Amino acid sequence: MAEQTAMWTRLESDLRRIEAHTATLMRLTTTRYPVAQTPKEVIWTLNKAQLYHYIPVVPPAQRHRVPLLLVFALMNRPYILDLRPGNSFVEYMVGQGYDVYLLDWGAPGPDDSHLQIDDYVLDYLPRAIRKLKAFAGVETFSMLGWCIGALLTTCYAALRPDDGLRNLILLTAPLDFSDKQAGGFTRWVAEEYLDVDKILATFGNMPGELIDYGAKALKPVENYITNYLRLFDNLDNPRIVESWHAMNTWVNDLIPMAGATYRQLIVELYRQNRLVAGTLQLRGEPVLPAHIRASLLNVIATADHITPPCQSENMMPAFGSADKELWKVPGGHIGVMAGSGAVKSTWPQIAAWLAPRSA
Amino acid sequence: MTQQLDSAAAMDPFGIWRAARDANLEAWSRLMIEVVNSDAYARATGAMLENYMVTSQPVQEVLAKVMTSALTMLNMPSRAEVMTLSTRLTHIETRLDDLDAQLRAITDLLQQGLAPANRRTKAKNTQEAV
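Structure representation (structure tokens):
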């Protein structure tokens, strides 16, 4: 009798658990996590781009004098840098006394399919920087670029070395495509497999869904199976559930890439490796990494499957900076900055590198 | 008690499945990464995308033409017209951004020029007061 009662009690509790898990799964798959909560103000806009200034929390006397501009990739939302309270690089750096700005490129529409890397590097970025300098009342600034954002900031630093850029931090920067066997992307975008012009004639811009498929297909089991199994195994753990929800919100918030930029990225960089060859030109100006003078920190994620380490590491001798460092951080392309361990490893290291160079 | 727990674990089909899953998942992942990094996979996905574009592009073109005609008949702007308008707005925004920067530069220059004059007036007033 007692055994039967225990069995019924257990069954009832199991049913309650299943009900709670179903409700959690429904919430996670049908709602957005309230991301990007660090207080900010928009100080500049152009077309779809916006420049945010994060409200300082440290008294002026204790703040670093050189402001920090964050530049993320073109094909994902930049709020990965401000994902959620307690797991936000922006919140961390603001707390460390940095005057933080973030350039949000926005989602290109059909009217932006003509936008090239030239436009982002020589039009949008300088204008945003001009506004930042005027707003902050400074002549020098630091810049952190992540993924394609690192490519854009590298081009900018090489083309405008006298524009006040004091420190340049590159995160998982895809710059050197010499190794044609490195990573799936390099292989997939080879001329014999991918007709870039036909894609852009069909879609105008490169659809976010296709880019997302490409990124996920590089590690199919992790992205399509393990990711969900990990959630399923931890549905009772609110910390993991909330973290998963925030990341899932970001992963599924897809934006396209401007068609002309995608063409340049694939043809001139992935296929022709023009930055390394010294033949990359933006609006007729040669982009030479040897011209970079800012102090440079190149951060590489050792388990990066999107930007294999060799695509960043091999560039070190090419940078002209007298003060340059290379860091290899354990982790993947996104995890290195947005993973649960970033707050204890990557962020403090970046803040510590930047602090003496921001006085 | 221990026996009861063991029998419960043995009867838990999810537990058995989970153990088998964890044992095989890593090997499966490595295999799949090798597969997607192969030329054969690149060729296959390229061909699939090509097929999709070959079939969808003519349909899209027809749809775009029909839609443009329908919007014209309804006296509504077409996609191309909205895009032209958007481009013009961006140009205006760019000009405004330049004007804003120029205005700020002029204001700064004026303030720099006025600063010594203000200092002279202040000094003169102080002298007179003395």
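Chains A and B, in that order, give the protein sequences.
Here the numbering used here = 1-based position in the first sequence + 36.
Here the numbering used here = 1-based position in the second sequence + 1024.
Using N, Cα and C, we set each Cβ at its ideal position, and we do this for glycine too.
Since the structure is predicted, the reported quantities are computational estimates derived from the model, not experimental observations.
Does DSSP put residue i in a helix, a strand or coil?
i	result
Lys-76(A)	strand
Asp-140(A)	strand
Arg-113(A)	coil
Ser-1062(B)	coil
Ser-279(A)	helix
Val-107(A)	strand
Thr-315(A)	coil
Ser-1102(B)	coil
Thr-262(A)	helix
Ala-395(A)	coil
Thr-1079(B)	helix
Met-293(A)	strand
Leu-271(A)	coil
Ala-1074(B)	The sequence given here places Glu at residue 1074(B); Ala does not occur at that position. In this structure, Glu-1074(B) counts as helix in the three-state DSSP scheme.
Thr-81(A)	strand
Pro-1140(B)	helix
Arg-120(A)	strand
Glu-1117(B)	helix
Pro-197(A)	coil
Glu-321(A)	strand
Which two residues bound the contiguous beta strand (DSSP E) that contains residue i?
i	result
Phe-177(A)	177–182
Tyr-88(A)	85–90
Glu-361(A)	360–365
Leu-207(A)	201–207
To the nearest angstrom, how far is the alpha carbon of residue i from that of residue j?
i	j	result
Val-136(A)	Thr-74(A)	11 Å
Asp-140(A)	Ile-153(A)	15 Å
Thr-60(A)	Glu-278(A)	10 Å
Ile-1057(B)	Leu-254(A)	7 Å
Asp-50(A)	Met-43(A)	10 Å
Trp-326(A)	Phe-355(A)	Checking the sequence, you will find Ala at residue 326(A) rather than Trp. Roughly 5 Å between the two C-alpha positions.
Val-365(A)	Lys-380(A)	12 Å
Asn-1048(B)	Asn-1061(B)	20 Å
Met-351(A)	Leu-1087(B)	47 Å
Tyr-160(A)	Leu-110(A)	12 Å
His-341(A)	Ala-218(A)	9 Å
Met-1025(B)	Arg-63(A)	Model confidence at Met-1025(B) stands at a pLDDT of 44, short of 50, so the residue's coordinates are unreliable; what they give is reported in the following sentence. About 37 Å.
Trp-68(A)	Leu-158(A)	The amino acid at residue 68(A) is misidentified as Trp; the sequence shows Arg. Between Arg-68(A) and Leu-158(A), the C-alpha separation is close to 35 Å.
Asn-1099(B)	Pro-146(A)	22 Å
Glu-48(A)	Tyr-249(A)	41 Å
Ala-1104(B)	Trp-389(A)	49 Å
Val-130(A)	Val-93(A)	7 Å
Phe-221(A)	Tyr-192(A)	24 Å
Asp-272(A)	Ala-226(A)	45 Å
Ile-54(A)	Phe-268(A)	11 Å
Thr-1111(B)	Gln-300(A)	21 Å
Arg-46(A)	Leu-246(A)	46 Å
Terminal residues of the continuous alpha helix (DSSP H) containing residue i?
i	result
Val-126(A)	125–131
Val-232(A)	232–239
Ser-223(A)	For the sequence presented, residue 223(A) should be read as Arg rather than Ser. Per DSSP, Arg-223(A) belongs to the alpha helix (DSSP H) from 219–224.
Ile-247(A)	244–253
Ala-337(A)	Counting along the chain, Ala-337(A) falls outside any alpha helix (DSSP H), though it belongs to the beta strand (DSSP E) covering 331–337.
His-57(A)	38–66
Gly-371(A)	371–374
Pro-162(A)	161–172
Leu-390(A)	382–390
Gln-152(A)	From DSSP, Gln-152(A) is part of no alpha helix (DSSP H); its letter is neither H nor E.
Glu-349(A)	346–349
At a cut-off of 6 Å, would you count residue i as near the ligand ATP, judging by its Cβ distance to the nearest heavy atom?
i	result
Leu-104(A)	The ligand ATP is not part of the structure shown, which contains no ligands of any sort.
Buried or exposed for residue i, please, with buried defined as at least 16 other CB atoms from any protein chain shown within 10 angstroms of its CB.
i	result
Glu-127(A)	buried
Trp-1041(B)	exposed
Glu-1117(B)	exposed
Pro-1082(B)	exposed
Phe-125(A)	buried
His-1115(B)	exposed
Leu-1134(B)	exposed
Ser-348(A)	buried
Thr-1108(B)	exposed
Leu-1120(B)	exposed
Asp-148(A)	buried
Lys-216(A)	exposed
Lys-76(A)	buried
> Using a Cβ cut-off of 7 Å, which residues of the stretch 67–89 of chain A contact any Cβ in chain B, in chain order?
Replying inline: Answer set for the stretch 67–89 of chain A: Leu-82, Asn-83.
> According to a CB-to-CB cut-off of less than 7 Å, which residues of the stretch 271–296 of chain A neighbour chain B?
Replying inline: Flagged: no residues at all.
> Taking any Cβ of chain B, which residues in the stretch 211–233 of chain A have a Cβ under 9 Å from it, in chain order?
Replying inline: For the stretch 211–233 of chain A, which is checked against every Cβ of chain B, the residues closer than 9 Å are Gln-217, Gly-219, Gly-220, Arg-223, Trp-224, Val-225, Ala-226, Glu-228, Tyr-229, Leu-230, Asp-231.
>> Counting only Cβ-Cβ distances shorter than 7 Å, please list the residues of the stretch 148–173 of chain A near chain B, keeping chain order.
In response: Of all residues in the stretch 148–173 of chain A, Arg-163, Arg-166, Ala-170 have a Cβ within less than 7 Å of some Cβ in chain B.
> Which residues, in chain order, does the stretch 1071–1084 of chain B contribute to contact with chain A at a C-beta distance below 9 Å?
Replying inline: Ala-1071, Leu-1073, Glu-1074, Tyr-1076, Met-1077, Val-1078, Ser-1080, Gln-1081, Gln-1084
> Along the stretch 121–151 of chain A, what residues have a CB closer than 8 Å to any CB found in chain B?
Replying inline: Gly-145, Pro-146, Asp-147
>> Taking beta-carbon pairs under 7 Å, can you tell me which members of the stretch 1051–1069 of chain B lie near chain A?
In response: Trp-1052, Ser-1053, Met-1056, Ile-1057, Val-1060, Asn-1061, Asp-1063, Ala-1066, Arg-1067, Thr-1069
> At a Cβ cut of 8 Å, what residues of the stretch 1040–1051 of chain B count as close to chain A, listed as they run along the chain?
Replying inline: Arg-1042, Arg-1045, Leu-1049
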